[in-house]
Structure formats: structure tokens, C-alpha cells
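Reading the sequence shown from the start, the letters are residues 1 to 545 in UniProt numbering. Glycine residues also receive a C-beta, built at the ideal position from the N, C-alpha and C atoms. Keep in mind the model is a prediction, meaning the values are calculated, not measured.
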Amino acid sequence: MSMEAKTSSAARLSDSSLLKTQGLIGGKWTNAYDGKTIEVLRTIFSPYILYFSLLNGLNVLLRIQNLLWHFKIYFEVQNPATGDVIANVPCMGMKETADAISSAYSTFSSWSKLTASERSKLLRKWYDLIIAHKEDLALLITLEQGKPLKEALGEVMYGASFIEFFAEEAKRVYGDIIPATLADRRIFVLKQPVGVVGAISPWNFPLAMITRKVGPALASGCTAIVKPSEFTPLTALAAAELALRAGIPPGVLNVVMGNASEIGDALLSSTQVRKLTFTGSTAVGKKLMAGCAGTVKKVSLELGGNAPCIVFDDAEIDVAVKGSFAAKFRNSGQTCVCANRILVQEGIYDEFANAFSKAVQNLQVGNGLVEGVMQGPLINEAAIQKVEKFVQDATSKGAQILLGGKRHSLGMTFYEPTVLSNVNNEMLISREEVFGPVAPLLRFKTEEDAIRIANDTNAGVVGEILMGNAEGLAAYIFTKSIPRSWRVSEALEYGLVGVNEGLISTEVAPFGGVKQSGLGREGSKYGMDEFLELKYICLGNMKNE
Numbered sequence: 001m002s003m004e005a006k007t008s009s010a011a012r013l014s015d016s017s018l019l020k021t022q023g024l025i026g027g028k029w030t031n032a033y034d035g036k037t038i039e040v041l042r043t044i045f046s047p048y049i050l051y052f053s054l055l056n057g058l059n060v061l062l063r064i065q066n067l068l069w070h071f072k073i074y075f076e077v078q079n080p081a082t083g084d085v086i087a088n089v090p091c092m093g094m095k096e097t098a099d100a101i102s103s104a105y106s107t108f109s110s111w112s113k114l115t116a117s118e119r120s121k122l123l124r125k126w127y128d129l130i131i132a133h134k135e136d137l138a139l140l141i142t143l144e145q146g147k148p149l150k151e152a153l154g155e156v157m158y159g160a161s162f163i164e165f166f167a168e169e170a171k172r173v174y175g176d177i178i179p180a181t182l183a184d185r186r187i188f189v190l191k192q193p194v195g196v197v198g199a200i201s202p203w204n205f206p207l208a209m210i211t212r213k214v215g216p217a218l219a220s221g222c223t224a225i226v227k228p229s230e231f232t233p234l235t236a237l238a239a240a241e242l243a244l245r246a247g248i249p250p251g252v253l254n255v256v257m258g259n260a261s262e263i264g265d266a267l268l269s270s271t272q273v274r275k276l277t278f279t280g281s282t283a284v285g286k287k288l289m290a291g292c293a294g295t296v297k298k299v300s301l302e303l304g305g306n307a308p309c310i311v312f313d314d315a316e317i318d319v320a321v322k323g324s325f326a327a328k329f330r331n332s333g334q335t336c337v338c339a340n341r342i343l344v345q346e347g348i349y350d351e352f353a354n355a356f357s358k359a360v361q362n363l364q365v366g367n368g369l370v371e372g373v374m375q376g377p378l379i380n381e382a383a384i385q386k387v388e389k390f391v392q393d394a395t396s397k398g399a400q401i402l403l404g405g406k407r408h409s410l411g412m413t414f415y416e417p418t419v420l421s422n423v424n425n426e427m428l429i430s431r432e433e434v435f436g437p438v439a440p441l442l443r444f445k446t447e448e449d450a451i452r453i454a455n456d457t458n459a460g461v462v463g464e465i466l467m468g469n470a471e472g473l474a475a476y477i478f479t480k481s482i483p484r485s486w487r488v489s490e491a492l493e494y495g496l497v498g499v500n501e502g503l504i505s506t507e508v509a510p511f512g513g514v515k516q517s518g519l520g521r522e523g524s525k526y527g528m529d530e531f532l533e534l535k536y537i538c539l540g541n542m543k544n545e
């Protein structure tokens, strides 16, 4: 990257030294060994292209899909092919990851032998530094990911909460004493850190998805190698810099990015890596799970969802509209717990549809750095094409567009906040995760109908076999009835259920899905268990001497 581009980006930060453009291995900021880099772009309107800038100065232009295109600093309409560079980051691979694993492995012994109190104090210092630099971290998130600045600041606070919580939980890893069956024996159970952890995080929450994994890992005594998305690495690198400043020893936290397949293969094949934690698509999660079988690693997976939001006749309309709106449109609909289907009982369907559409109509779309903006761009051209495909499929099968339904006039990476009515369970938008700002409204008659529709999810086609009832991450219910809230919550096949609330994620509660939405839990006291092993110790021959 040009010095001018880096200087311009750094100048926007209160602490310019937080803009790191190298990986972190063994406490040292490191370039890719072969000198390859990836340009991190910030642009409002860009086609799906990416420049790989090589050491010899040759720029190779690749047309590929599924890339993140980031916001331009200034809100202005530009040519769809224009993109400004924030920074070049290393395109790392197998060798760099192997060294990161070696560093984490050699540091594990000393880190795990620190007292829980010592680890707790270091994590608390890291939390304090994240809070002290929250504005800079939020700015980096908005620049490289696109979400509105206020929402990015919310992510920083949410992400920091995991470091604070697990700093406290580090001191609460308790063992057990079990009454023995023989008089001369004593039985103990210890909890010990699993070892080196590989953590792979997504682009939609560049900070929080890292701290939710690394917080409990470090608190339990594990060391970690983090692979952030190559589309949003700058937030991860800034967080790692703050960890070093907090006094977390070199090698405890390492960061590599670049060639995803090589990095993933290195983590999967290494016998020194004893745990893999991943947030991302179900398809990739399945491949990682299969890859972990070779070395029998412990695995945590937080995968895709198809969240239903059920609004019953007895719901308070204002509460249901507010909660459904929050559950659907946060991060432009690009979260795994977004309300993908809004099921409304027929008695209030029209009233809810009108009130909900009015709320959505007030959404301001634009550059996340502009005050008042509530919705930023989608991830890329492929994401918008997917949204268009789903909307076209729905309208061709009888759905009606109440609001939006097309690309936004701002440009290619923006889509209008959209509300669809008369949606049924056979449409693509009901069967698969749209991951965009489109709210489909489905009508139902009875409580039993709502439960059946909500639980009827589909992860897609494997070979020629349709995988039904496959996903179960989050669900939402709106009702005034306490008995109904209990009945429906228990009947829904989901790992998270929000009752009369659309934003339910918190560091103190377990986050995770059932069925093909994942394995294990993140956050809460239960999140610590994912990074611990149980050891049974039997003391025999305890007779009087």
C-alpha cells in the first residue's frame, strides 16, 4: 500500500499506532514470508474485484465473488469500479501459520501455569484498553466492514464485555470431589485447559466474534491463533495490539490472515492444535468438522440459521414491531440471528404489516460515518444478487412488495430496506437465509401452525437429498401470554429464543444453535467448558500408616 493511503487512514484514528498492517506471531509484527499482500479496500460502490499486490509491484486483477467491499470515508457517489485502499495486509499461508502454532504451543506451558488471578488481571487490563480506544476500534469497523458508526461502537462494547466477563470467570473454574465407593480411596475431578486453540472468525462482527472466542480461551489457560476474515483484518490486529499493551505475553495471542485454505489446513493437520472454534457458514463448518477428525480435535461451531420471528394475535403491536425490526435489520440483515421469517397470526396480520412497513420506511441508508444512518451496504455484488434472486422468486410465486424490493439508488452495494407480504413456506426466502435487509411476512392460523412452520427449516441440497429441519440457531416470540411463551419456547427447535425481545445476545448467556446450526456454546459460564478438559484422579491405599 502507498504511504499516502496508510497516512490518510491512520490520521483518522486518535491513536494512529492502532492501524497495524502485519500479522502477529510470537509477539512480533510479521509480514508474509514471500512478501505477498492483500489490499483492504474501502469503497461505497465497487464491483466484485480484488487486487492482490505482489512484492514485485505487479497487480493481478481477479474477478471473484464473495468478497467484502468496504465504505469510502466520504459519502459520495463514485464509479462502481472505484476503490480506495486503506491498507495492505500480509497474505499469509502454511508456513506462517505453522510458526504461529509453534509459538502458541511453546507459550502454553507458562501461560497455563499462571494462577487464575494473574490471567484475570491481564484480561481485565485488555478490557480497559479496549474501552479506552472504543472510538478508534469503532471507526476501523465502519471503515472495513461498513456498518454504521453507532452500531460499530455497540459492537465494540459488546465485544469488550466478553473480555471483562471471562476475566472474572477465570477465577471460577472449579473441580469436584466425588464420594468414593471404597473407604481407602479419594476421587477428584480437575478442569484443565485443552491447549492451543485455532479461532476462525467472520467479517460481519470483526471484533466481537474474536473476543467471544479468545476471552474464554485465554481465561482458561489456553493460547490461541486467530484467523480473522481477510476482508476485515484491521480490527483484529488493533485488538491484538491492545492485548500486547495489556501485558499478555508474546505467543499467547497470534494473528494470521490471507490464504484461508492454507491457514485452515495448517490448523486442522497440526497435532499441537487441540481445539478449533469457528463462526461462519454451515458448509464451511462441516468441512472443518470433518478436517478435525484426523487429529480428533475438540470443535465449537457457530453456523448459519433461518430464524423465525412469531407474532401472535395477543402480542403488543408496538413491542412486536420494535423487536422484529431490531431482529431483522441490524447490520443490514447480515447476522446469523437475524429474523429471516416473520410469522404473523392472521388476526393482526394487516395491522402488523402496516405498522412494521412504516417503521422500516424510516430507515436511513448510507455511509456509516454519516450521522443518522441506520443501514449500510451489503457485503458485495454476490450478496445483492442473492437478495434479488430471493425477492424475484417470492414475487413470481405470489408475494407482494410492500416496501423496497430493489437496489438502492446509492449504488451497487446498497439494497433498499424491503418488506414482502403474502409469503409462503415454499419460497426460497422462507427456506434459506437471505442475509440481507428483506423482511418476509408469513401468515399463520394457530399456535401449532406457527411451531410447525418455524421448525420446518432447510439447509439446502446435499447431492440429491433435501435436508429438512436442519437449522436451529435463534427464534423470537411476541405474545402477552406467559403460558404460551413457555409452550412455544419449549417446542421451538432452536438454541436461542427471545420472548418479546429482538436483541438477546449478551456475554452472560450461552450463545449457540442446535441441529446443523452448530456445536457448543459461546459466552456465559458454559462458554468456559468449551476450552477445558476434565481429568479424573483416584488416590488409592489411603489407609492409616
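If we ignore side chains and look at the alpha-carbon of each, how far apart do residue i and residue j end up?
| i | j | result |
| --- | --- | --- |
| glutamate 533 | alanine 315 | 45 Å |
| serine 229 | glutamate 351 | 42 Å |
| threonine 295 | alanine 152 | 38 Å |
| glutamate 447 | glycine 333 | 26 Å |
| glycine 498 | lysine 480 | 13 Å |
| glycine 221 | leucine 114 | 8 Å |
| glutamate 426 | alanine 238 | 45 Å |
| phenylalanine 205 | isoleucine 482 | 34 Å |
| alanine 307 | leucine 13 | 37 Å |
| asparagine 380 | alanine 87 | 19 Å |
| glutamine 22 | threonine 30 | 5 Å |
| leucine 268 | valine 197 | 11 Å |
| methionine 157 | lysine 134 | 7 Å |
| aspartate 393 | glycine 405 | 12 Å |
| leucine 19 | phenylalanine 478 | 43 Å |
| leucine 403 | isoleucine 429 | 16 Å |
| serine 106 | glycine 26 | 10 Å |
| glycine 35 | isoleucine 310 | 52 Å |
| valine 319 | leucine 473 | 22 Å |
| glycine 291 | glutamate 118 | 35 Å |
| glutamate 493 | glycine 523 | 20 Å |
| leucine 61 | proline 202 | Because leucine 61 sits at a pLDDT of 28, beneath the cut-off of 50, its placement in the model cannot be relied upon, and the point is left open. |
| valine 365 | methionine 374 | 6 Å |
Throw me the rounded Cβ distance for the residue i and residue j pair, which I believe falls under 8 Å.
| i | j | result |
| --- | --- | --- |
| glutamate 168 | glycine 304 | At roughly 31 Å, the Cβ-Cβ gap does not stay under 8 Å, so glutamate 168 and glycine 304 are not in contact. |
| valine 284 | leucine 496 | Not confirmed; about 21 Å, so no contact. |
| proline 437 | threonine 457 | Incorrect: roughly 21 Å between the Cβ atoms, too far for contact. |
| leucine 24 | alanine 240 | 5 Å |
| threonine 232 | glutamine 145 | 5 Å |
| glycine 280 | isoleucine 177 | With 8 Å as the limit, glycine 280 and isoleucine 177 do not qualify as a contact, their Cβ atoms being about 40 Å apart. |
| phenylalanine 108 | threonine 223 | 5 Å |
8 Å is my cut-off, CB to CB: does residue i come that close to chain D?
| i | result |
| --- | --- |
| asparagine 367 | Here there is only one protein chain, and chain D is not present. |
Which two residues bound the contiguous beta strand (DSSP E) that contains residue i?
| i | result |
| --- | --- |
| lysine 543 | First-last for lysine 543: undefined, no H or E at that position. |
| phenylalanine 531 | Counting along the chain, phenylalanine 531 falls outside any beta strand (DSSP E), and DSSP gives it neither H nor E. |
| valine 344 | 339-345 |
| phenylalanine 478 | 474-478 |
| threonine 30 | 28-30 |
| threonine 277 | 273-279 |
| lysine 213 | Note, lysine 213: premise wrong, no beta strand (DSSP E); alpha helix (DSSP H) at 208-220. |
| isoleucine 504 | Where isoleucine 504 is concerned, there is no enclosing beta strand (DSSP E), given that its DSSP letter is neither H nor E. |
| isoleucine 310 | 307-311 |
What residues are listed by DSSP as bridge partners for residue i?
| i | result |
| --- | --- |
| alanine 439 | Val419 |
| isoleucine 248 | Note: isoleucine 248 sits in no beta bridge, so no partner. |
| isoleucine 177 | Phe188 |
| leucine 428 | None; leucine 428 has no bridge partner. |
| leucine 253 | Ala224 |
| isoleucine 25 | Lys28 |
| arginine 407 | Tyr415 |
| valine 197 | Ala224 and Lys275 |
Taking 7 Å as the cut-off, does the CB of residue i come closer than this to any heavy atom belonging to the ligand MN?
| i | result |
| --- | --- |
| lysine 191 | No copy of the ligand MN occurs in the structure displayed, which carries no ligand at all. |
Start and end of the alpha helix (DSSP H) containing residue i?
| i | result |
| --- | --- |
| arginine 165 | Reading off the sequence, residue 165 comes out as phenylalanine, not arginine. First-last of the alpha helix (DSSP H) with phenylalanine 165: 149-169. |
| leucine 492 | Careful: leucine 492 lies outside any alpha helix (DSSP H) and carries neither H nor E. |
| leucine 114 | Careful: leucine 114 lies outside any alpha helix (DSSP H) and carries neither H nor E. |
| glutamate 262 | 260-269 |
| serine 300 | From DSSP, serine 300 is part of no alpha helix (DSSP H) but of the beta strand (DSSP E) over 298-302. |
| asparagine 354 | 349-361 |
| isoleucine 317 | 317-329 |
| alanine 470 | Premise fails: alanine 470 is in no alpha helix (DSSP H) and is neither H nor E. |
| serine 393 | The sequence given here has aspartate at residue 393, not serine. Element bounds for aspartate 393: 381-396. |
Self-check item: Three CB pairs or more closer than 8 Å across the stretch 500-517 and the stretch 343-359
Solution: The stretch 500-517 vs the stretch 343-359: no contact.
Quiz prompt | Stretch-stretch touch, CB-based, cutoff 8 Å, three pairs: the stretch 383-398 with the stretch 360-375 | solution = The stretch 383-398 vs the stretch 360-375: no contact.
Quiz item: Is the stretch 202-217 touching the stretch 180-188 in the sense that three or more CB pairs, one from each, lie closer than 8 Å?
Solution: By the criterion of at least three beta-carbon pairs nearer than 8 Å, the stretch 180-188 is not in contact with the stretch 202-217.
Quiz item: Can you find at least 3 beta carbon pairs, one from the stretch 381-388 and one from the stretch 352-359, that sit closer than 8 Å?
Solution: Output reads no: the stretch 352-359 does not touch the stretch 381-388.
Quiz item: Counting Cβ pairs closer than 8 Å, one from the stretch 260-275 and one from the stretch 99-118, do we hit at least three?
Solution: By the criterion of at least three beta-carbon pairs nearer than 8 Å, the stretch 260-275 is in contact with the stretch 99-118.
Quiz item: For the stretch 274-288 against the stretch 242-249, are there 3 or more C-beta pairs whose distance is under 8 Å?
Solution: By the C-beta criterion, the stretch 274-288 is judged not to be in contact with the stretch 242-249, since fewer than 3 inter-stretch pairs fall below 8 Å.
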